[in-house]
Every structure is written in C-alpha cells, then in structure tokens.
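Each remark here refers to the structure printed beneath this line.
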Amino acid sequence: RHLISPFQNWRNETVICYLIACSSHLFLKTSLAGTELILSLLKNLVCQFEEKRPDAFLSPQALQNSIPDKMETILARMQLEPKTRRYLICNSCFMTYPYTPEDKNVFKCLNKPTPSSFPCNAVLFKEVRYRSGRSDQLPVRLYLHHELEEWLEQLYSRPEIEDLLDRDFRLDKLSGTSTNVVRDICESPEIQNFLGPDKKPFIRQPGQEGRILFSLNMDGFNPFLNKEAGKKSSIGAIYLVCLFLPPDIRYNIENMFLVGVIPGPKGPSKEQINHILKPLVDDLCILWDPGYYLAATPKYPAGRLIIGAVVILVCDLLASRQMSGCASHSSNNFCSFCHLKSKDLGNFDFQNWPKRTMQQHIHLAEEWRSANTEADRKRMESKNGIRWSELLRLPYWDPTRFVVIDVMHSFFLNILKYHVRDIWGMDAKANDVDPYYSTLQKNYSHSRLNSARDALQSGNYSELKKARAVELRQLCRERNIPYGGRKQLILATLIQHISGGDVDLDVLEDEGNEDDNEDDDDVEKDKDDNGPLDDDDTSSGRTQKRNGCIIGKQTLEEIRNDMASMSLPTWVSLCPKRPGESKTGKLSADQWRTFCTINLVVTLGRLWNQPRGDGPIDEVQERKRAMFVNFMHLVSAVRLGTMRSMNPERIKAYIYHMQSYLTTLRALYPWTGITPYQHLSLHLPDMLARFGPSIAWSCWANIQFTHPNRLYRIGDLERTIFLTFCKAQILRLLFHKTKFPAAMHPMIEKVKQHLFKSAVPDTGTLAEGLFVNPACGQDFDRAKATALSPTWHSLLIEWVKHFAPYCDIASLSSSANILKLVKRRDETFSTYFHSSRNSMVYYRQLNGKRWPARIVGIFVHQRPSGVGFSFTTETFFILENFRALPHPLQEQNAFTFEQNQYLFENSFYNGQTIASLQDVLYHFVSYPYWPTPDVEALLALPLPRLSISALRQDLKREAREKAYDLLKTSPRWAQFKELETAYDFHNFHKTVEKVDRHKASILVKIRTRHFPLNDYLYKRKLVPSNACEQCRAGARETLRHYLLECTAFNQQRNRLWTKTGQRHDFVEDLLATPDRATALIEYVEETGRFPRRQTNLLQGNNTNI
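Throughout the sequence shown, residue numbering follows UniProt numbering, covering 1 to 1105 in sequence.
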C-alpha cells in the first residue's frame, strides 16, 4: 500500500483540505473538534471559489460531498492507520495474550513464573457501563505491537532511502575512510566482522537481497510532562534505529521504528519485560532467517528479500540491565561485563578484570529459567547476577558484546553531575566552605566506632551489625580492605576478611537494610531513575541539609559573572543563568555538559589554578589546584569519549585521563565510594574500539512523541500516544514521497519547514555529533558577484601563489560573492559584525600551527582550475589574528592545561590574513581575563567538533561525491556504472600506485572492457575473425574466455587461483580487491599474450613490433 499514493485522481482542492486537516491534528495537536471546525471552513471556502470558476468540473455540492465532515473518515482514507498486533497485558505480571475484540476466552491471567508457582489469576477484563445502560467487557490493559514487516515496507517504499540502504558498506568501499579513524558505527570492526545467517560477512556487495542493522532502545518518560522530583507515573517506549542510514537522517522521526508503548503507570520489573519483548523477538527471528520478502519496492518491482538484525542495545543503566537479563547495578554482581564484586569497585586495573563470556552467560541464564521455584531463581540471580532475557533467543545475540554504555546517561547525567552535586556540593543558598569538605563525608561516632572495632576483633558479628555504614567504612579504611556497595556488602566484606570464608548475604539482609535506612535519616530520597548511582547512599536528586558547599553562593556568583562575559557559538546549549537555585529546575544532559566542560573550567581555572608564587606554600590553594587538576582529567576524558571520530590514540588518551581521575579521586576524597557508572567508564574504551564514536550509537535522539492535547487516563493514553506517533510518521512519509502538482509545492515546502520537527536539534551534543547540514562551502553566483577590496584581492593573490601555482595570476578575477555567514555541516561561521558568537575561530596557519582569530569577511571566489576550461570554486575567510601574550605570562597561568596554551592578548596584530574553509578548524569560547592589572587577555578555549584529519577526509569525500555526481550526467554513465560496481576507483587507484605503467595500462583496459582480444578487435574490423587462436576450439576470444576458460593457459590460471586463494567464476571477482587485481596482471604477463615490447596493444596478436 505504501507504493501507491492515496491521492491518485484526486482534485487539488480535496488534497489540500485533507493535508491541512491531518497536519493540524497530528503536527499541531489540534483536537478532533477543532480540526473538524477547520475542515468545515475549508469546505465552504473551496465551494465558494468553485462557484465562481466558469470551467468548474464538479458542482459545488459534489465537491463538498467529496470532503467528509469527520476526521476519522479522513484518517481512514489517507491510510494512516499503522498495522499492529493487539495483546492483553496482565496488570500484575505483564504477561501478554493475543487479543481480538471478538475473542474473550481468557478472563484471568494464567501465568506461572516457575513450575511450582501459583497462577497469577489477575483479572484481564473490566466491566464498563455506558449511559445507554449497555455494558461491555474491555481489557484492563492493552498493548499495541507495531508490525516490523509493515514498517519495512514503509521504509523501503521511498526510492532515496532504498538507495541509501543499498550502499556498499564494506570498509574498502567506503570512500575517504582510514584504517585507524572510525567516524560511524558502520565502519567499526564489530559491524564489519558481523556474520550473517550463512556464517559469511553480513556486509557484502549490494544486490537484490537487502541487508539492514538496528540498534535497540527502551526509554521511560513521564506521560504528563510534569517536572516534579519524583515520578508519579511512567510509561516506556521501545524503538529501533536503522544504523545503515546516514547519521544526519538516522534519528529523523519518519526513519525510526516505534515497536510499542509499554502501559503504565508502573513499568514491568526485572524479568517481566520479557513478556513485552517476546513479540519483537519473534519478528527479529524471522527477519534474521528466513527474512521478510517485500512484494515490491521502487528499485525491485518484482520484490526483494530483506535480512536484518539488532546488533546493539543502548539504554540507561537500569533499562539495559533489565532488557539484557543482568542483575541490578546495586547488587553484589553490579557489572554485566566483568566478574568484579561490589567490594572491588576501587580496582582500576581494567585490563586484568575477569571478563564475562557469551557461553557462560547463556548457560547461567538457562539455569535460571529452568529453576523450579522463585526462591531458586532469586538465589541464582544473587549469586551469578544473570537472568533469562528474551533477546537470548536471537541466534546471533551476544549479551557480553552487544550491550553498550550510553554516554549521555553515563557522563552527563551521572559522573559529572555526581562530582559537582555530591562530592563538591552545589547550592546557591549555602556558603562556600574549605576544599576539604564534601557532602559525602559523614562524621562517624567514636563510641559506635569503638564498639564496632571491639565486635569485629572478638568475632561478635551480631553486635557488628548494629554499626552504621559510616563506621563500617572507617573500619575498612583502617585495615586497607577494598570496600564498596551499601552496608550489607560492606559488612559481608569485613566478616569475610576476618573469618577467611564466604558469607551468605541473605543472612545479613534484614538487619542490614534496617540500619542502612538509619544512615540516611538526613537525606530526602528522590526516586528519579536518572540520578547518580553510588555506594554511599547519596544521589544528586536528594537534597541534603547542609551549612556549606564547595560550590556555594560565592563561587556561583563568580560563575554567573563569567557566564555573562563569556561568548559561545550558537550551536552550544546554554546553561541556565542561575545554576544551583531550586527554581532553575533540573538541568538537561546538554546543560550539564556545557556547565561542567565550559563554565566550571573557566571559573574554577581562574579561582583554583592560580600560578604558584615565591612565598610559602598555601595548603588550601594547593588543595584547590589538585582538585581542579582532578576535575580536568574528568573533563578531558568526557571530551575524548564523546568525539564524533575515534582512533587508537584518542582511546589511549581517554584511558589515561579516566584512570588518572579515578585514582586521584580516591586520594583527594577517601570517604567517596566509586559508583557503578565510574566503573563502567573503564569499560567504554573497549566499546569505542569495537563500535566507533559513541555519538553514533548513543541515546541522545529519543523519540519525540506527540502528546495528546487533552488528558487521557492511563490505559488509553499509551495507545493514543502510539497511534498518534505512527500516524504522524506515515503522514510525513506522504509529504516526502508523493509527487504533488507544481501549484502545491509552496504549501508543501512550508509544511516541511515549519511542522516537521526532527529528532535532531539545532544545538547540543546530538547536533554536534551528526552532520545535520552536509554542505561544505557555497556555490558561486556570477550575477551577484561584486568587486573585492584591494586588500582582500591582494591576500587572495598571495594565497593562490602559495596553494594554486598553476593558476594564471593575470587572469585571476577580482569579483566574488560577499557573504555574512557560511555553514559547514552543522556549524555556522559568521563575520564579527553579523554574529560575534560565531566569528571566533581557530585556523591553521601556513606553518601548520593553529591560531585564534576572528572573522571579518567571507567571500566565495571562482578561478580557473588549470585543467581544460573547468573552474574551481572556493570559500575564503578574512581573519584578524589575536596577539600572543608576553613571554613571562605564557610560561604559567591559570589556563595552562596539559601543556596547552589557551591565553592570548585581547588585541589584534596589524593587517589581515586569509584562510580557506578547510583551514578553519573550529570555534572557541572567548572569555576576557586580566592576568595582571595592566594586561587584558583573552581565553580562547577550543571547541573541537571534528579532528583535522577527519575534516580533510570529509572534504576529500565531498570532492569525490561531486565528481561522482558529474559522472552520472555523462552519456557513458550506463557503461561506467557497471564498471564502478565491479571494481571501483578507490581499489583501482590503490593497485596502479604499486605497479609500473605497462601493468597499469593492462588493468585500465581490463577495467574499461577495451582489452585488445580478437572479439574486441573484430568488432572494429581490425582482425578477420573473433575466434581464439590459442586453444583453437572455435570459441570467441572474449575477456571471460581469455581469463577463465581458455585451455591454452590452464597452468597460468592454476597459479592465479593459488595467489587469490580460491577459484573465481566471474571477471568482476578478480577485480574486487587490489591483491586479486595484482595477481590478474601477473597472469596476463605469464600468458605472454601481450608482451612488454608490444607498443600498440590495439593491434593485438597481429603485430609484434
């Protein structure tokens, strides 16, 4: 149905009315009554215009009858209803039962979690009475599951999307890639080495069989959109993201698959999520083998088979543990990747951590599933930390490799937030305190500590249980015993260390929990699931009664003043103006990122990192300096871990900074426990090495739900949100793929511009990580060209002399397009007079050194390329360079981080300089600063969004893409298209670089099918016959015959198969890789068919000059 437009043979007036009504209801959230009012007004307006038309085709009454009055009718005619399967859901255990309105055979839940368990017996239907007196039995909870096959038909119905999904993702086919730099998950080793159902690489040469890979995510949200600290109700969404789509459209709403919305108000717990996952896993098993066969697509009208898989699970920590079947992060088996226990949280030697294996995980999960009682399951989960998950039914699923850490929740909503809010403390109402203070430091009672010490030495464990967690931690520190977790685990660690044997944690559970609450009498608990997770019973969602904080009102006042003086580019999400105040509310992940990696770096660097003087050492200042260095290690690790390209050097640097942070953290704050998220940060390097940059698979782009415009009850609300989202998704697809009449184009473009809200924002981390605007440079418009000033023209001449010496300076035009701004992907570079925030940049000088400058002019210029009559168009910036600081101030200042100098004089050198677009590196944070009373400096804190090497690769890739587009316009494209598929220029170039001219000539003629064999020469009337004169079997001497069939060269061909490692049946296979092509050239030389002394290959074997 998705290949056929619902608007066939419709009048334009009718189509416009339908589109306006649907857009108002689904995009603007207009109620049904309001939409029907708009619809009636449109009908009357259209009929009035129709009456005045002399050539009216329909009568006004017939036209009015073609437009219905009810919105439900319009939605049905537009075919916006998604195809779903309905399931009854038990209100108690979340067991699912297929449901149709006519089938009401099961009235109570019959689920038994284990063979010895009692049936659930929860009621599945409720009686509803209507005003008419009629009553009916309706489901208590109903879950709608989106059909995956139907959504794939919807996705592949768009020709441009089908072309993108059919790209060749093999690493040697991806243009501009490097073996060390990974820019997207498709280039990562894990995806490149992923095996398909036939045990061969899943990524292969495109063909009729389509291949597709997904990431899986589950996220909970508050359906009523209130911002209270505790969640009053929660519903969850499960969705898939197609990893084969380009990053700039991967998270668009129309390209994401919403599996279903989990009913609330309370979500499933632990293994109950398996009941919700079962329909999805059933679909994924079919998608893997045998696959879904689509009846027709734009590229394959006769149909095609689609094979796919889910290769990555990315959620917050709670959801990922629940879906993957692992124990909670607060349990003794807190980690799903290694076998460390809670007491080993302080172990940072991650290379020697005992890793979990797939076989071991599956074995323990099957043991848990086959347990006879729920008590046995609880005991197994407590011992092993493993439960059964429905995802384990997928033949390819590896829970130890395919579950990853989401950096948004890990870094910004936990580690950074935990460091600022919990370790330091941040409160606008509290005074600043000495740097030795921490909100986590709790004073233990000496009398209780002595009692606990005596009980431990005497082995009186019942008396030891009466001690609080703070006293038990002090006992561990006195004996150098690694500890972690809550009181129950610390107590078990102490007893095990003294007794030398294992301790049953269940014995300590009751009393441990009771006393653990006693330790938190002064803490108001917040049940926000996104709060930090730690072993000291604190979280950033809790508000402690404190008299002071390290980030108190005095420091916060300094931060606010610096925020007012600071200039940030427009793509950075700004922090609230008054952080630390309750009325500001919760900070988003992007706001935490800006606050910690920019605002705190500037202010705390100025206050805490002052250079050492010649006088006596100030212990307080030294303590602050050590705290700042510790925090900068964390900031550096976060920046490295969230870059949008990844290489081994960055991973190595990330490991250094994160390990330095955690090690010095324990030394500076010995009372601070290591949290599970901090532990997981040392597992992240392995994921970066296997899957590439974290931005390619993170949770930044959650589905943007269209919430209903009136309040629904829980039960109806989930279905309404799901159906509204799916209908809006299908409507967006209609706008994209329908060929509307030219008269409707302005309206369609307005709707796309103003109503289509992408999941990719204009600012923040997601916009930074994805190439939202792939434009690089501008086109030259000769009609708008104006003369450059003499200064700018002379700068351009100097640049051309240095970088384009082939260009004739005398013919260099002095006209150009003067611009105020230019966009490079998602970055905007502006002149200082247009937008000062976007004008501060680092650029690469002629000597290769980066330097800060501000943009004062932008222009696009066109010059002869030096090849034929073609032209080169390039964008240039006119810059003013900031002055370097005097040498004494460069040696050491508050803003010298990791031996990098970021402080410059806040004035400019005389004159201007020029730089091309590719030499402009990135923006920087500008902040005025006075290192001495008579010197005004400028802090130029860089904001790198792409490495220089990756930027060069992008520019080269874009040049190739433009050349490829030009090649498509050639009349010979039909011939070259087949050649490029068989042996693309990327591999051809690798081969000819390593061979001499004669061998390169042979390869060119094979690649272009202009090889001078008899069949080729006979068509050009250069030889009397096309028969092969070598084997004399009467066969035509074609390229295939010469390379694969001619018996005269069997010995040479056998050596060819030995070199390539296998026998090949197609010429294209011999051209697939540079190694095979090199072996093919050697075969041609060994046959002696075309000797080197033969200077004219076109004469074939008829000349021997």
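Glycine is no exception: its CB is placed at the ideal position from the N, C-alpha and C atoms. These figures come from a predicted structure and were not determined experimentally.
Cβ neighbours of L688 within its own chain (closer than 6 Å, five residues either side excluded): M646, I651.
Taking V314 as the centre and dropping the five residues before and after it, the same chain places the C-beta of S215, N217, V404, D406, W697, S698, C699 closer than 7 Å to its C-beta, in chain order. By the Cβ-count criterion, C335 is buried, with 16 or more other Cβ atoms from all chains shown falling within 10 Å of its own Cβ.
T96 is bridged by DSSP to I89.
In the DSSP assignment, the residues bridged to D219 are A237. Contact between A940 and P852 holds: their C-beta atoms lie close to 4 Å from each other, under 8 Å. Taking 8 Å as the cut-off, the Cβ atoms of L1039 and R1009 count as close. Scanning the region 820-895 from its first residue to its last, the whole alpha helix (DSSP H) runs of 4-plus residues come out as 887-891. Taking all protein chains shown into account, N352 has fewer than 16 neighbouring C-beta atoms within 10 Å of its C-beta and is therefore exposed. In this structure, V311 places its C-beta atom within 8 Å of the C-beta atom of F402.
DSSP places Y661 in the helix class (H, G or I) of the three-state scheme.
Assigned with DSSP and collapsed to three states, V314 falls in strand. Look at A787 here: in three-state DSSP terms it is strand. D590 places its beta carbon 8 Å or farther from that of S567. From the listed residues F829, T584, R612, I559, the smallest Cα separation to T603 is found for I559. With contact defined as three or more Cβ pairs closer than 8 Å, the region 357-366 and the region 244-254 are not in contact.
Take the alpha-carbon of P746 and the one of I307: they are about 39 Å apart. In the DSSP annotation of this structure, H145 is not part of any alpha helix (DSSP H); the continuous beta strand (DSSP E) holding it starts and ends at 142-146. Secondary structure note for Y1016: its alpha helix (DSSP H) is the uninterrupted segment 1014-1019. Annotation: the continuous beta strand (DSSP E) that includes V403 extends over 403-405.
The straight-line gap separating the alpha-carbon atoms of S1025 and P246 is approximately 51 Å.
Taking 8 Å as the cut-off, the beta carbon of H146 is found closer than this to the beta carbon of T84.
The region 612-700 is shown to contain no whole beta strand (DSSP E) run of 3 or more residues. For the options T493, V1084, D432, the alpha carbon positioned closest to that of S1001 is the one of V1084.
Counting the other CB atoms within 10 Å of its CB gives K801 a total below 16, which places it among the exposed residues.
Inclusion of L489 and C22 in the CB contact set at 8 Å is not warranted, their separation being larger than that value. Comparing C-alpha distances from W608 to each of P616, N599, A626 shows the shortest one belongs to A626. Per DSSP, reduced to three states, the secondary structure at I67 is coil, with no helix or strand assignment.
In the structure shown, F7 falls within a coil segment according to DSSP collapsed to helix, strand and coil. Around the beta carbon of V935, a 10 Å sphere encloses fewer than 16 other beta carbons of the protein chains shown; the residue is thus reported as exposed. The region 292-301 makes no contact with the region 445-461; the number of CB pairs closer than 8 Å stays below 3.
When secondary structure is reduced to three states using DSSP, D103 falls in the strand class.
DSSP places D136 within a strand segment (E or B) once states are collapsed to three. Sequence-distant Cβ neighbours of L394 in its own chain, meaning closer than 8 Å and more than five residues away, are V281, L284, C285, W288, A309, V310. If you look at Y461, you'll find it in the alpha helix (DSSP H) that goes 461-464.
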